[in-house]
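> Take the sequence shown: its position 236, counted from the start at 1, is 235 in numbering that gives the first Met the number 0, and no numbers get skipped. Each residue gets a CB set at the ideal place from its N, CA and C atoms; glycine is no exception. Predicted model, so just to flag it, every value in this text is computed and none were measured.
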Amino acid sequence: MHKQMKKINCILILALLWSISYGQNSDIGLLTRKDRDIFKQIENESNPTIMHELVTELVLLSDDKAPISQLEEAKYLFDLSLKKKDAYTECVSLSMYGQGYRITGNFTKALQYHQQAIELSKQLNDKSLMGFVLNQSAHIYKDREENEKAIAIYKQASYYANMGNNQYFKFYPLMNLGFVYLNANKPDSALYFASISVKMLEDILINTVPENRMIMERSLGVYNFSNLASSYSKLNDKPNADKYYASAASITARYKGVKTRYFQFYYFSLAQHYMRFNLIDSSLYAAKKAIESVINTPVEYLSSRPAKMLSDYYEGKNADSTVKYLKIYLKGNEVMNSTRVTQQLQMMTVEETQRKEEIKRAEKAYKDKIFFYLLAGVLMLVLLIAMYMYRSSRQRIKINQELQRQKNEVEKTLAELKSTQSQLIQSEKMASLGELTAGIAHEIQNPLNFVNNFSEVSNELIDEMKDELAAGNLQLATEIAEDVKQNLEKINHHGKRADAIVKGMLQHSRTSSGVKEPTDINALADEYLRLAYHGLRAKDKSFNVTLKTDFDPTIGSLNVIPQDIGRVILNLITNAFYAVGTGRDAGTGRDLSLPDYEPTVWVRTKRTNNKVEVFIRDNGNGIPKNVLDKIFQPFFTTKPTGQGTGLGLSMSYDIIKAHGGEIIVDTKEGEYAEFIIQLIDA
0 MHKQMKKINC ILILALLWSI SYGQNSDIGL LTRKDRDIFK QIENESNPTI
50 MHELVTELVL LSDDKAPISQ LEEAKYLFDL SLKKKDAYTE CVSLSMYGQG
100 YRITGNFTKA LQYHQQAIEL SKQLNDKSLM GFVLNQSAHI YKDREENEKA
150 IAIYKQASYY ANMGNNQYFK FYPLMNLGFV YLNANKPDSA LYFASISVKM
200 LEDILINTVP ENRMIMERSL GVYNFSNLAS SYSKLNDKPN ADKYYASAAS
250 ITARYKGVKT RYFQFYYFSL AQHYMRFNLI DSSLYAAKKA IESVINTPVE
300 YLSSRPAKML SDYYEGKNAD STVKYLKIYL KGNEVMNSTR VTQQLQMMTV
350 EETQRKEEIK RAEKAYKDKI FFYLLAGVLM LVLLIAMYMY RSSRQRIKIN
400 QELQRQKNEV EKTLAELKST QSQLIQSEKM ASLGELTAGI AHEIQNPLNF
450 VNNFSEVSNE LIDEMKDELA AGNLQLATEI AEDVKQNLEK INHHGKRADA
500 IVKGMLQHSR TSSGVKEPTD INALADEYLR LAYHGLRAKD KSFNVTLKTD
550 FDPTIGSLNV IPQDIGRVIL NLITNAFYAV GTGRDAGTGR DLSLPDYEPT
600 VWVRTKRTNN KVEVFIRDNG NGIPKNVLDK IFQPFFTTKP TGQGTGLGLS
650 MSYDIIKAHG GEIIVDTKEG EYAEFIIQLI DA
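1. Put Thr599 into one of helix, strand or coil per three-state DSSP.
2. Do the region 140-157 and the region 166-183 touch if we need at least three Cβ pairs shorter than 8 Å?
3. Name the one or two DSSP bridge partners that Gln677 has.
4. With DSSP run on the structure shown, which of helix, strand or coil describes Lys515?
5. What residue range is occupied by the uninterrupted alpha helix (DSSP H) comprising Lys624?
6. Counting Cβ pairs closer than 8 Å, one from the region 516-533 and one from the region 553-561, do we hit at least three?
7. Kindly indicate which residue of Arg606, Ser281, Glu463, Val456 has the alpha-carbon position closest to the one of Gln485.
8. Of the choices Ala240, Glu612, His113, whose alpha-carbon is the least far from that of Ile554?
9. Between Ser268 and the rest of its own chain, which residues show a CB-CB distance below 6 Å, the 5 nearest in sequence each way excluded?
10. Mind checking if Ser651 is an interface residue toward chain C, Cβ cutoff 8 Å exclusive?
11. Which residue comes first and which comes last in the beta strand (DSSP E) that contains Val559?
12. Please state if the CB of Ile615 and the CB of Ile572 are separated by a distance shorter than 8 Å.
13. Exposed or buried, Glu481, counting other C-beta atoms within 10 Å across all chains shown (16 or more means buried)?
14. Secondary structure at Leu593, three-state DSSP: helix, strand or coil?
15. If you draw a straight line from the alpha carbon of Gly683 to that of Met464, how long is it in whole angstroms?
16. Below 6 Å CB to CB, which residues in the same chain sit around Leu227 once its five sequence neighbours on both sides are set aside?
17. Can you give me the Cβ contacts of Pro305 inside the same chain, cut-off strictly under 7 Å, excluding the 5 residues immediately before and after it?
18. Threshold first: 4 residues or longer. Then list the alpha helix (DSSP H) segments lying entirely within the region 356-419, N to C.
19. Contact defined as beta carbons within less than 8 Å: I believe Gly130 pairs with Gly163. What is the distance between those atoms, to the nearest angstrom?
20. How about Ile195 and Glu216: are their beta carbons less than 8 Å apart?
21. Considering only the beta carbon of each residue, do Gly619 and Ala672 sit closer than 8 Å?
22. Where Arg390 and Ala137 are concerned, what is the direct C-alpha to C-alpha distance, given to the nearest angstrom?
23. Helix, strand or coil for Arg143 per DSSP?
24. Can you grab the Cα-Cα spacing for the pair Leu378 / Gly99, in whole Å?
25. Could you tell me the distance, in whole angstroms, from the CA atom of Glu597 to the CA atom of Asp617?
26. Tell me the residue span of the alpha helix (DSSP H) that contains Lys169.
27. Let me know if Gln562 comes out buried or exposed under the rule of 16 or more other beta-carbons within 10 Å of its beta-carbon.
28. Checking 8 Å against the spacing of the C-beta atoms, do Tyr324 and Phe264 come in under that value?
29. According to DSSP, Thr103 sits in a beta bridge with which residue or residues?
30. Classify Ala687 as helix, strand or coil using the three-state DSSP reduction.
31. Going by beta carbon distance, what residues of the same chain come within less than 6 Å of Ser80, once the five residues before and after it are set aside?
32. Please determine, among Thr666, Leu569, Lys667, Pro633, the residue with the shortest C-alpha to C-alpha distance to Asp653.
33. Going by the CB atoms, is the gap between Ser218 and Thr259 shorter than 8 Å?
34. Please classify Thr259: does DSSP put it in a helix, a strand, or coil?
35. Candidates Leu70, Gln474, Gly104, Lys82: which alpha carbon is nearest Ser94's?
36. CA-CA distance, Asn543 and Gly580?
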């Protein structure tokens, strides 16, 4: 009796400790305020339809979170589902458990939860939910590159999801099919599904609140654009591949400093793209960024593939680098493809039904016998978990403090960089204005010479007219007066010409209003061609070039910001002059100083349907392949120090993109370079 009382007292003490620990640690500390609000709404919502919509929103917000956060959300959502007795919410929480364990590389644990979620969704007979949980379970085989099995499950998921009404659950399997077909080296199929998912994501984001849109953009947006770009890359369509990689790059730039598995996927995909087109330096850089984006994170094992690429490249070239990246590869590969994990996955798939039956029999046979010991063990386990969570919470606080300190340093550095960039952009604008001023001074001198000459002649004619009037010769005086009138008309004409030139200079020098207006592109191109030429001649009297123009008369007026488009044309023409003139001593390509070389710059325009194109071509030495992909990057320049900031082409690219157009480069090293401005006539 005494021993039995001691046992009961022990249980009561453990229960008390458990309740205290749970009370101290039940708060979902890793979650954002937005997540807390959603959980509170789910808890208070009585309408099942609205509650399930909130659960779907929670899934979207958790997609790009750290595994620990996902597992904590899964636990809290699972507890809520039991409290509210809602099987739909329970099914989603089980799937979230599987997702969290998968991302950490614990595929065995992940498969256990995914199988429970699939079984529950079948019992509910909810087609959308079945599509969702099947999609999540297929990720395990996608990560392990068991492509055929992953494709089969994703197709099954898409089949069930399309029977329901949830647009997010319809979207996910299509997006993942695009990725897995890439892994299976079937770019045509990958392109088909990637194109559909990109369009679906655009429609989804339009109807998504801004806060959620940002989260989906930096995860699903990067993932989808990278899928589509990689599909084009494998089909050797580099222009389209570069286009969609640029879309993904713009998103990663907006979230600079974020570490996420989606950025890792983008960088590694980009590294493969560059390697495919023999852009080795760019490929190595992208592969290193792929490793950097997940290093020291719970998904560090994803660095294995880019590390393998780097190790293979450096083999025989750099022993230290080979060993460095081989270690990273082996560490990640051990998590992804260990023999133990493979065997467990296979056994669980084959013996799942038998395992369930054995568990049921074991529970029935030993329920009464082991109940007491089970309760004590559970309480002890909860106590240990509570202690672990307390220690983890303290550690998270320290980590968050360190992250905040690093964030402050990064923000300070970013502010300094923005300030420096603004100063350089202003310097570039002032240099452009100086060149224009020199050109306009030359242009305005011509009409002023006419004004001066005709005014002097008119003054002499007035004196002659006075003499004739004094002599009474009215006929001759009248003829002289007519000559004076003609001279005054010419003075007026050239005065207006000078006035127009001055107004043009003022219009260029002032800050752009940002308002589009109908503009004669032919006249704009011709004007800035002459201004650029005279501006360079004002600085270098020895400079000479043959100018050839061919303007399409059918273009008419185009609705653009004339000051901005004028700056772009001026910059490209100035670069062309540099390539055939001041750049002739660069020491690359053929010798442009030979007597038989005739420096020539062509400017022509062309209309094709609703597109207007401006071509600016020079017969200089062209653009080397090793810098072609960098020319639109800010601060990149091939000019000597002090002769260029590297902002001209970057600013031009941004201006044309803002107009909904693009700049295309066509070049052949040693022969020519041509920039094509494409504008849409909306």
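Well, looking at it:
1. If you number the sequence shown from 1, residue 599 lands on position 600. Thr599 falls in the strand class under three-state DSSP.
2. Yes: at least three Cβ pairs fall under 8 Å.
3. Position 678 of the sequence shown, counting from 1, holds the residue named residue 677. As a beta-bridge residue in DSSP terms, Gln677 pairs with Glu612, Glu661.
4. Counting from one through the sequence shown, the residue named residue 515 turns up at place 516. Lys515: coil per DSSP, three-state reduction.
5. Locating residue 624 in the sequence shown gives position 625, where the first residue counts as 1. 624-627 is the span of the alpha helix (DSSP H), which, as asked, contains Lys624.
6. yes
7. Indexing the sequence shown from 1 puts residue 485 at position 486. Selected option, being the one with the closest Cα: Val456.
8. Residue mapping note: residue 554 aligns to position 555 of the sequence shown, counting from 1. Considering only alpha carbons, the answer is Glu612.
9. Numbered from 1 along the sequence shown, position 269 holds the residue referred to as residue 268. The residues are Ser225, Ser229.
10. In the structure shown, chain C does not exist; there is a single protein chain.
11. For the purposes of this step, residue 559 is taken as the residue at position 560 of the sequence shown. Run containing Val559: 556-559, per the beta strand (DSSP E) assignment.
12. If you number the sequence shown from 1, residue 572 lands on position 573. If you number the sequence shown from 1, residue 615 lands on position 616. Result yes, Cβ atoms of Ile572 and Ile615 sit closer than 8 Å.
13. Reading the sequence shown from its first residue, position 482 is the one you call residue 481. Burial call: exposed.
14. Taking the first residue of the sequence shown as 1, we reach residue 593 at position 594. In this structure, Leu593 counts as coil in the three-state DSSP scheme.
15. The first residue shown for the chain is 0 and the last is 681, placing residue 683 beyond what the model contains.
16. Sequence index remark: in the sequence shown, residue 227 carries index 228 (1-based). Result list for Leu227: Ala193, Val197, Tyr243, in chain order.
17. As a first step, residue 305 must be located in the sequence shown, where it is residue number 306. Excluding residues within five positions, the ones whose Cβ falls inside 7 Å are Phe267, Ala270, Ala286, Ala289, Ile290.
18. none
19. Locating residue 130 in the sequence shown gives position 131, counting from the first residue. Locating residue 163 in the sequence shown gives position 164, counting from the first residue. Contact between Gly130 and Gly163 holds, with the beta-carbon distance rounding to 7 Å and staying under 8 Å.
20. Here the question's residue 195 lines up with position 196 in the sequence shown. Here the question's residue 216 lines up with position 217 in the sequence shown. No, they are not a contact pair.
21. By 1-based counting over the sequence shown, the position of residue 619 is 620. By 1-based counting over the sequence shown, the position of residue 672 is 673. Cβ atoms of Gly619 and Ala672: closer than 8 Å.
22. For the purposes of this step, residue 390 is taken as the residue at position 391 of the sequence shown. For the purposes of this step, residue 137 is taken as the residue at position 138 of the sequence shown. Answer to the nearest angstrom: the Cα atoms are 34 Å apart.
23. As a first step, residue 143 is located in the sequence shown; it is residue number 144 there, counting from the start. Reduced to three states, the DSSP call for Arg143 is coil.
24. As a working note, residue 378 is residue 379 in the sequence shown. As a working note, residue 99 is residue 100 in the sequence shown. Rounded to whole angstroms, Leu378 to Gly99 spans 25 Å at the Cα level.
25. Counting from 1 along the sequence shown, the entry for residue 597 is found at position 598. Counting from 1 along the sequence shown, the entry for residue 617 is found at position 618. Rounded to the nearest whole angstrom, the CA to CA distance from Glu597 to Asp617 is 11 Å.
26. Against the sequence shown, residue 169 aligns to sequence position 170. Where Lys169 is concerned, the enclosing alpha helix (DSSP H) starts and stops at 166-182.
27. Counting from one through the sequence shown, the residue named residue 562 turns up at place 563. Per the 10 Å Cβ criterion, buried.
28. Position 325 of the sequence shown, counting from 1, holds the residue named residue 324. Position 265 of the sequence shown, counting from 1, holds the residue named residue 264. Going by C-beta atoms, Tyr324 is not nearer than 8 Å to Phe264.
29. Locating residue 103 in the sequence shown gives position 104, counting from the first residue. Note: Thr103 sits in no beta bridge, so no partner.
30. Outside the displayed range of the chain (0 to 681) lies residue 687, so it cannot be described from this structure.
31. What you label residue 80 is simply residue 81 of the sequence shown in a count that begins at 1. Cβ within range, chain order: Thr88, Glu89, Ser92.
32. Your numbering for residue 653 matches position 654 in the sequence shown. It is Pro633 whose Cα lies nearest to the Cα of Asp653.
33. Looking up residue 259 in the sequence shown gives position 260. Looking up residue 218 in the sequence shown gives position 219. Their beta carbons are under 8 Å apart, which means Thr259 touches Ser218 by this criterion.
34. Your numbering for residue 259 matches position 260 in the sequence shown. DSSP places Thr259 in coil when its eight states are reduced to three.
35. Position 95 of the sequence shown holds residue 94. Here the closest residue by C-alpha is Leu70.
36. Within the sequence shown, the letter at position 544 stands for residue 543. Within the sequence shown, the letter at position 581 stands for residue 580. Asn543 and Gly580: Cα-Cα distance of roughly 8 Å.
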